[in-house]
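Under the numbering used here, residues 367 to 517 are what the sequence shown spells out, in order.
Reading through the structure tokens given below for one structure.
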Amino acid sequence: METLTRNLKLHAFLGRLPLIVFVRESRLNDIDWGSLGVDDFITIPYRAADVVRRIRLCLGRLTRSLDATPLTRLPGNTTILAETTSRIHNKQPFALAYQDIDNFKSFNDRYGYGRGNEVLIVACRILTTVVGEVAGPEGLFAMLGGTTLSS
Numbered sequence: 367m368e369t370l371t372r373n374l375k376l377h378a379f380l381g382r383l384p385l386i387v388f389v390r391e392s393r394l395n396d397i398d399w400g401s402l403g404v405d406d407f408i409t410i411p412y413r414a415a416d417v418v419r420r421i422r423l424c425l426g427r428l429t430r431s432l433d434a435t436p437l438t439r440l441p442g443n444t445t446i447l448a449e450t451t452s453r454i455h456n457k458q459p460f461a462l463a464y465q466d467i468d469n470f471k472s473f474n475d476r477y478g479y480g481r482g483n484e485v486l487i488v489a490c491r492i493l494t495t496v497v498g499e500v501a502g503p504e505g506l507f508a509m510l511g512g513t514t515l516s517s
């Protein structure tokens with residue numbers, strides 16, 4: 367199994383997809399899960415409903431991971447579009463704010479990208495906290511990319 371999972375994870379396309387393995391319960395303690403490179407496992411014997419749930423969970427994690435902005439790990443464009451569309455469709459009241467940090471390139475040029483990244487991370491933490499306090503659990507703070515923020 368280790369060779370198969372390793373080869374799948376090295377594949378240019380398949381390696382980016384979640385990998386779920388089926389394993390007998392009696393083998394659970396025999397497997398080095400840290401080096402196996404799988405995203406989830408299902409014990410044999412299994413129920414079809416459990417398989418469907420585990421696949422949905424893996425796909426949900428994959429979607430969130432792919433949508434996350436690398437620097438801040440905030441949700442990105444896909445989440446903004448999905449949430450906005452859902453709230454409009456469900457006729458939920460919501461507010462949308464769009465922020466952009468002006469002249470940020472000049473800041474990066476003067477102080478360096480490392481310091482610029484620190485500023486972005488701190489700004490995102492502050493704004494995430496504010497959105498959470500104002501909007502509660504329904505609030506969403508996301509990053510469109512670069513220095514463009516949405517809440």
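Even for Gly, the Cβ is constructed at its ideal location relative to N, Cα and C.
Counting C-beta atoms within 10 angstroms of its own C-beta, M509 has 16 or more neighbours from the protein chains shown and is therefore classed as buried. Close CB contacts of K375 within its chain, under the 6 Å cut and outside five residues either way in sequence, are with G381 and G403 (chain order). Annotation for D406: I386, R420 and C424 place their beta carbon closer than 6 Å to its own, counting only its chain and skipping 5 residues before and after. For T444, the enclosing alpha helix (DSSP H) stretches over residues N443 to H455. Within the DSSP secondary-structure output, R393 pairs in no beta bridge. Within the DSSP secondary-structure output, F407 pairs in a beta bridge with V387. Taking the CA atoms as reference points, R491 sits about 29 Å from H455.
Contact between L462 and T450 holds: CB atoms are separated by about 7 Å, below the 8 Å threshold. N469 sits away from G511, with the two beta carbons spaced by 9 Å or more.
Contact between F507 and L486 fails: their C-beta atoms lie close to 13 Å from each other, not under 8 Å.
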